[in-house]
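Chains as they are written, first to last, in the working numbering: chain A, 52 to 251; chain B, 6 to 464. Each residue gets a CB set at the ideal place from its N, CA and C atoms; glycine is no exception. Remember, it's a predicted structure, so these values are computed and weren't measured experimentally. Contents: one structure, followed by commentary.
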Amino acid sequence: MPALSLVLIATLVMLAGCGPKAVRGGPGTDNPQLDKPAMSVTLDLADIEYLVSENTKALSASPLWTRIIMRAPAPPTVAIWPIRNATSQHIDDQLAAILSSVETFLVNSADVRMVSRENQRELIEELRSRQVDIYDPATIGKLGRQLGAQYFVTGKVTSVEERFRRTRRVQYSLILQVLEVETGRIVFQNEASRSKALKG
Amino acid sequence: MAAPPRGRLHRWAVILCALWVGGCATYTDKLRQSHTAAQRGDYEAGVRALNDILDVTSPEQLPDEWKASKPLIVLERAMLLQAQGQYKWSARDMSAAEAELEFLDLKQDTAGSIGKYIYSDSARTYKAQPAERLALNALNMLNYLAMDDLQGASVEARRFTIAREYMESSLENSKKRSGGAFGSYVAGFVFEKSGEPGRALRYYAETLGAGDLQALREPVLRLSAQGHYVGQELKAYLRKLEESGSDVKNTPSAAPDPNGEILIMLGLGRVPYKIPKRMAIGAAVAYAGLWVTGDADILTRSIFKFVAYPELVTPESEVTGATVNVNGQDWPVELLTDLAAEISREYETIKPRIIAAALTRMIARAAAAESVRYLAGKKEKAAGPLAALATEAALVALDKPDTRSWTFLPGKIYISRTRVEPGQHDVRIELLGKTRQTRTIQVNVPPEGFGVAVITEPR
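Here is the structure:
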């Protein structure tokens with residue numbers, strides 16, 4: 052009988068060991084490579100970091116930034132607008148992460164003054180409920196003036212998806228744009244791309 | 006005390022026969038409870054039954070493991086959730102199941118492919134049929150439209166296009182392009198409302214096969230009057246309309262229209278589903294042989310010569326049609342796609358392959374039984390036939406007809422589309438059939454905007 056109990060306990064301990072286990076990963080942890088492998092064809096943090104950094108690098112090196120924004124007598128006011136999803140994937144969370152990363156870059160640059168996104172949230176919801184195209188340049192221009200912004204940072208993520216036999220590939224592009232509110236002109240545009248694939 | 010060998014074999018034969026009679030539960034067997042609940046209109050109970058199969062406690066949960074037919078069960082749940090108006094969870098289920106089905110589709114399934122010809126029809130991983138695959142994105146477009154999420158709907162419209170292009174490019178399906186009018190129409194609507202009229206017109210052109218629908222005529226006339234590019238197929242269609250002279254005078258003006266519109270999509274009834282069939286092709290021959298020769302050995306060689314395959318059956322529809330009334334005025338309800346007919350057509354195309362695989366499995370079983378007969382007969386002559394019989398019975402029991410299909414897919418898709426003034430509108434829908442039911446829905450239409458009502462009755 053005691054032997055049977057021991058066997059039972061040992062089995063239970065073993066079974067407990069088979070359950071899901073949470074691990075910490077990334078730089079400075081025991082699993083620095085945890086974020087490296089791709090888990091699916093959607094955009095992950097590594098992709099987002101790459102796409103945003105390529106675009107913000109291009110923005111900070113652009114004539115708009117070096118000749119106009121940095122030389123302005125006072126930091127221009129910039130508003131940031133949702134990124135359009137023109138892909139074949141539901142990537143709402145990733146779009147929010149992209150927007151936050153771009154906003155972080157702009158805020159930390161100290162070269163511009165940012166319009167709080169909190170003020171825009173209600174406005175966007177209201178526009179959406181009226182089915183107004185929030186990505187229409189005319190709408191953006193009107194709103195920019197309403198928010199007192201000189202520039203609007205926006206963009207879109209596009210994708211090209213293909214499948215051949217046992218491979219599915221999605222090529223993503225993040226197109227970052229800066230619009231001048233007064234004229235409605237696109238004064239900066241850059242594109243960075245990343246591909247993901249699932250192989251059978 | 007050990008039983009004599011012959012007695013042991015008898016016992017085994019009885020056990021195996023019992024196993025054979027019981028058989029393994031097929032996909033359709035597993036869904037019986039959910040089907041019964043849905044048939045009486047109790048979609049909540051239907052979802053609960055599916056949750057039990059998925060081993061989850063609420064419709065908000067997805068299975069921890071996507072083993073066996075779980076992606077398909079999640080799709081079944083998505084339809085019942087859509088029927089309940091739970092569009093958010095229905096959309097989530099459809100997207101999650103779609104990702105898993107794609108993953109399975111990319112996976113190498115060598116063992117399953119061989120197994121299908123050796124021991125069981127259900128050995129292969131599930132692959133959605135073209136009509137099911139295209140309906141998935143179309144139905145999910147409806148979920149997003151019902152939630153007033155045009156961006157989400159346009160993602161599904163792009164996914165629909167990719168799925169269709171892949172299907173058309175694949176050799177296996179090149180000759181049997183699915184109608185897909187349902188998906189094309191909804192994608193056209195989504196792109197029209199997303200400010201891409203040219204693209205919308207291309208999709209509308211693809212629905213011409215469904216006939217001269219009023220729901221198609223109005224947007225095509227309006228968009229072409231606004232000067233958007235019209236392809237050859239639509240040009241021919243417009244010429245035909247002009248020749249008939251009926252609607253040209255009602256051609257919408259090119260000027261911007263401050264009015265909006267209401268799109269009502271109805272998914273009624275259920276598509277045919279599969280039931281397991283075991284055709285005893287050996288029994289009749291065996292009894293005839295026994296009567297002529299009196300040799301009982303014929304019976305032992307033929308009695309378990311079964312062909313196991315899935316047969317398509319049409320469920321009885323509780324809801325067979327509908328009438329639509331907007332603000333007191335009746336509007337036509339038109340058949341956009343007969344999914345039930347598409348599913349039946351697809352099944353008829355693949356049926357010869359299914360039967361061929363079933364016959365191959367029967368031959369494999371016979372070969373295995375004869376081997377056992379030879380080996381067992383070497384030790385004791387009388388044991389051979391019994392061992393062979395037991396082996397064949399066991400293998401027949403293992404052969405599970407593949408009844409997997411998306412059973413809650415609506416049998417017929419109807420459409421009603423009407424232009425209305427901006428504001429709140431009362432939409433009254435009367436469901437026709439065995440159980441008549443009336444539903445009144447409030448639809449809000451912003452200026453130049455749209456409202457979408459989705460009615461799903463998969464019963």
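key: Backbone secondary structure at Arg464 of chain B - three-state DSSP   = coil
ask   = At which residues does the alpha helix (DSSP H) containing Gln145 of chain A begin and terminate?
value = That run of the alpha helix (DSSP H) goes Asp143 to Ser160.
task = Would you list the residues sitting across from Trp336 of chain B in a DSSP beta bridge?
result = B:Val329
request  = For the segment 159 to 171 of chain B, enumerate the residues whose C-beta is nearer than 7 Å to any C-beta of chain A, in chain order.
outcome  = Val160, Arg163, Arg164, Ile167 and Tyr171
query = Does the beta-carbon distance from Leu94 of chain A to Tyr186 of chain A come in below 8 Å?
reply = no
message = If contact is defined by three or more beta carbon pairs under 8 Å, each pair taking one atom from either stretch, is the segment 191 to 211 of chain A in contact with the segment 129 to 138 of chain A?
response = yes
task = Work out the CA separation of Lys87 of chain A and Gly76 of chain A for me, nearest whole Å.
result = 10 Å
message = Can you tell me whether Phe187 of chain B is helix, strand or coil according to DSSP?
response = helix
task = Would you tell me roughly how many angstroms separate the C-alpha atoms of Tyr292 of chain B and Glu316 of chain B, rounded to the nearest one?
result = 26 Å
ask   = Does Glu173 of chain B have its Cβ less than 8 Å from a Cβ in chain A?
value = No, its Cβ sits nowhere closer than 8 Å to a Cβ of chain A.
message = Run through chain A and tell me which residues come within less than 9 Å of Lys112 of chain B, C-beta to C-beta.
response = Near Lys112 of chain B (Cβ distances below 9 Å), the residues of chain A are Arg217 and Gly251.
Range covered by the alpha helix (DSSP H) that runs through Asn449 of chain B = Boundaries for Asn449 of chain B: no alpha helix (DSSP H) harbours it, while the beta strand (DSSP E) harbouring it runs Gln442 to Val450, taken from the DSSP string.
task = Give me the Cα-Cα distance between Gln66 of chain B and Arg172 of chain A, rounded to the nearest whole angstrom.
result = 29 Å
request  = For Gln240 of chain A, write down the residues that DSSP places opposite it in a beta bridge.
outcome  = Note: Gln240 of chain A is bridge-paired with A:Gln228 in the DSSP secondary-structure output.
ask   = Got a sec: which bits of the segment 181 to 202 of chain A sit with their beta carbon under 8 Å from any beta carbon on chain B, in order along the chain?
value = Arg181, Gln182, Asp184 and Asp187
request  = Would you mind sorting Phe215 of chain A into buried or exposed? The rule is 16 or more other CB atoms within 10 Å of its CB.
outcome  = Burial call: exposed.
Proximity of Thr325 of chain B and Gly438 of chain B at Cβ, strictly below 8 Å = yes
request  = Could you check what DSSP says for Asn136 of chain A in three-state terms: helix, strand or coil?
outcome  = strand
request  = Just confirm the distance between the C-beta atoms of Thr218 of chain A and Ala243 of chain A, as a whole number of angstroms; I'd bet it's less than 8 Å.
outcome  = No, Thr218 of chain A and Ala243 of chain A are not in contact; Cβ-Cβ is about 23 Å, not under 8 Å.
ask   = For Ala458 of chain B versus Ile286 of chain B, is the C-beta spacing smaller than 8 Å?
value = no
task = Answer yes or no: does any C-beta atom of chain B fall closer than 8 Å to that of Arg214 of chain A?
result = yes
task = Answer yes or no: does any C-beta atom of chain B fall closer than 8 Å to that of Ser139 of chain A?
result = yes
inquiry  = I want to see whether chain A comes within less than 8 Å of Ser179 of chain B, judged by CB atoms only; does it?
reply    = Any reading at Ser179 of chain B must be qualified, since the residue scores a pLDDT of 49, below 50, and its modelled position is unreliable; the value itself is stated next. Output row for Ser179 of chain B: interface = no.
query = At a CB-CB cut-off below 7 Å, which residues of chain B make contact with Ser136 of chain A?
reply = Here residue 136 of chain A is Asn; the residue named in the question, Ser, does not match the sequence. In chain order, Gln156 and Val160 make up the part of chain B whose C-beta sits under 7 Å from the C-beta of Asn136 of chain A.
task = Could you have a look at Ile434 of chain B and say whether DSSP puts it in helix, strand or coil?
result = strand
key: Proximity test, Cβ basis, 8 Å: Pro68 of chain B and chain D   = In the displayed structure, chain D is absent; the protein chains listed are A and B.
ask   = Is the shortest distance between the beta-carbon of Val459 of chain B and the beta-carbons of chain A less than 8 Å?
value = No, no contact with chain A.
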